[in-house]
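Before any comments, here is the structure.
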Amino acid sequence: MYAKCKKMEDVDRVFSWMKAKDMVSWNSLIGALSENYMLEDARAVFEKMPCHDVVSWTAIISAYVQAEHGSEALNLFIQMMAEGVTPCSPTIASLLTACGSLCDTKLGQQIHCLAVKLGLVYELFVGNCLIAMYFNCGATESFSVFGEMVDCDIVTWNSMLVGCAQHGLGRKAIEMFSQMKAEGISPNHASFVPLLSACSHSGLVEEGRHYFHSMSKQYGLEPLNGHYASMVDLLGRAGHLDEAEALICNMPIQPDAVVWRALLGACRIHRNAETGRRAAERLFVMEPRNCSNYVLLSNLYACLGMWDEVEKVRRLMREVGVRKEPGCSWMQIKGKLHCFITGDNKHEHFTEINDALKELYDRFKGSGYAPDTSFALHDVEEEQKESSILHHSEKLAVAYALQKTSTELPILIMKNIRICGDCHTFIKFVSKIFKREINVRDGKRFHHIKDGLCSCGDYW
Numbered sequence: 001m002y003a004k005c006k007k008m009e010d011v012d013r014v015f016s017w018m019k020a021k022d023m024v025s026w027n028s029l030i031g032a033l034s035e036n037y038m039l040e041d042a043r044a045v046f047e048k049m050p051c052h053d054v055v056s057w058t059a060i061i062s063a064y065v066q067a068e069h070g071s072e073a074l075n076l077f078i079q080m081m082a083e084g085v086t087p088c089s090p091t092i093a094s095l096l097t098a099c100g101s102l103c104d105t106k107l108g109q110q111i112h113c114l115a116v117k118l119g120l121v122y123e124l125f126v127g128n129c130l131i132a133m134y135f136n137c138g139a140t141e142s143f144s145v146f147g148e149m150v151d152c153d154i155v156t157w158n159s160m161l162v163g164c165a166q167h168g169l170g171r172k173a174i175e176m177f178s179q180m181k182a183e184g185i186s187p188n189h190a191s192f193v194p195l196l197s198a199c200s201h202s203g204l205v206e207e208g209r210h211y212f213h214s215m216s217k218q219y220g221l222e223p224l225n226g227h228y229a230s231m232v233d234l235l236g237r238a239g240h241l242d243e244a245e246a247l248i249c250n251m252p253i254q255p256d257a258v259v260w261r262a263l264l265g266a267c268r269i270h271r272n273a274e275t276g277r278r279a280a281e282r283l284f285v286m287e288p289r290n291c292s293n294y295v296l297l298s299n300l301y302a303c304l305g306m307w308d309e310v311e312k313v314r315r316l317m318r319e320v321g322v323r324k325e326p327g328c329s330w331m332q333i334k335g336k337l338h339c340f341i342t343g344d345n346k347h348e349h350f351t352e353i354n355d356a357l358k359e360l361y362d363r364f365k366g367s368g369y370a371p372d373t374s375f376a377l378h379d380v381e382e383e384q385k386e387s388s389i390l391h392h393s394e395k396l397a398v399a400y401a402l403q404k405t406s407t408e409l410p411i412l413i414m415k416n417i418r419i420c421g422d423c424h425t426f427i428k429f430v431s432k433i434f435k436r437e438i439n440v441r442d443g444k445r446f447h448h449i450k451d452g453l454c455s456c457g458d459y460w
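So the sequence shown is numbered by UniProt numbering: it starts at 1 and just counts up by one.
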């Protein structure tokens, strides 16, 4: 009955037969509403309950985590502790997921300490969530957690592979994969996506080819769209665009949009307009309202100075009714979230940020920094292009962080889309000149930048 609750009238009917003290019924209803994405109704049920047990608290906390409202989930946890309810392992797991999504390492460490205090840290489920949380926060403690785990399952190993891929640790991913096999754990489909992705981000083309072909030959696993997308990305990043396109055309299954988008992204990197146009045409049919496909093609044309083609793509976007998602970066400073949007001059500290950026810009130019205006997306004068890329969101964020954070602390910036090449170079200059460690988590992976060098090895 709970699973059929689709609107609040159904919930009210359920209330009519529930017993006031039937905790199982109340908790089941919260779970059913959450599964149907009825978060407000789930909260209403929670508030109407005569009392709450650990299952109730865990259910509502998990509901907020699943809805990507991590801050509210953590607020609920504080209320739960204030009422003297002791969390269980599912509670801890949900909280760790929230910390990972918020990229809040300090809070994640506190939840980790609580898990130790409660004797839950060695539970497999909690250990797996700890690994994912630390990787999502850009921290290295994942390897320590993994080393201390008593038991590991395929989820544990796959989480380690995902983390290695996130952080561009191709060789480490291969090492983990070999260790997994040595311990008698057979890889599954989910194991190969991060393994291939890790090879892609590290330029390990031959190794990637080997693992891709081994799926069917050695493990009896036929590659799925996710594996083909990773392989196309690997080949495309390395400049093997013809091979990548041929792989798609010869797929035994129908390629999905992710596969074609991987090819289009590679064409942007290597400025191949012809292949990029073919990939985009496929995507426009498959996903006519996905703005990222139009933006990728427009950016490809812009970097080649093909402004007439850029205008055609933008006109098509207007006709279809899609709008570009603005670049956005955010960070936490002393527990407060600060957001920055590309080109935003309405930020309360914009004047001081802008002045700081101009000062950095002039200083870096004298040290060898040359703005790459190929990342400017409009046909304007060179000076205007430089001004445009100067106000990318990650530059606004790093300039603000330099003003508001201690020189001893690393800077952590999150970004909704892939960091552009010019911002990547700019932030490397910041790290070298100011002796700051800067970590950027973009839409693809982590960039750990220190002393003017990045963990990605500038491999795009």
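Just so it is clear, CB atoms sit at the ideal spot from N, CA and C, and this is done for glycine as well.
According to DSSP, V440 shares a beta bridge with I413 and H447. Note that the region 173 to 192 touches the region 206 to 226; at least 3 beta-carbon pairs, one per stretch, sit closer than 8 Å. Nearest to H448 by alpha-carbon distance, out of V65, L124 and C164, is C164.
Closest option to G208, judged by alpha-carbon separation, among P194, I333 and L221: P194. Around the beta carbon of I253, fewer than 16 other beta carbons lie within 10 angstroms, which makes this residue exposed. For K395, the enclosing alpha helix (DSSP H) has its first and last residue at S393 to K404. Cβ atoms of N128 and G100 stay farther apart than 8 Å, at about 12 Å.
For the UniProt repeat "PPR" (153 to 187), the full-length alpha helix (DSSP H) segments reaching 4 residues or more read 154 to 166 and 170 to 182 along the chain. Our two residues, L33 and S94, have alpha carbons roughly 17 Å apart in a direct line. For Q332, the secondary structure class from DSSP, reduced to helix, strand or coil, is strand. In the displayed model, L224 falls within coil according to three-state DSSP, outside both helix and strand. By the C-beta criterion, the region 245 to 265 is judged to be in contact with the region 282 to 298, since at least 3 inter-stretch pairs fall below 8 Å.
Using a Cβ distance threshold of 8 Å, A238 and G203 count as a contacting pair. With a cut-off of 8 Å on Cβ pairs, the region 430 to 446 is in contact with the region 413 to 420, counting three or more such pairs.
Within its own chain, the residues whose Cβ lies closer than 6 Å to the Cβ of C456, once the five positions on either side in sequence are excluded, are G168 and H447, listed in chain order.
V145 sits close to L130, with the two beta carbons spaced by under 8 Å. Straight through space, the alpha carbons of R363 and F426 are spaced by roughly 11 Å. With respect to the 8 Å criterion, V232 and L247 are classified as neighbours on the basis of their beta carbons. Taking the Cβ atoms as the reference, G70 lies roughly 17 Å from A115, outside the contact range of under 8 Å. Each residue's CA atom was taken as its position, placing R436 and S406 some 10 Å apart. A check of alpha carbon separations from T373 across Q384, D53, G366 and S367 identifies Q384 as the nearest.
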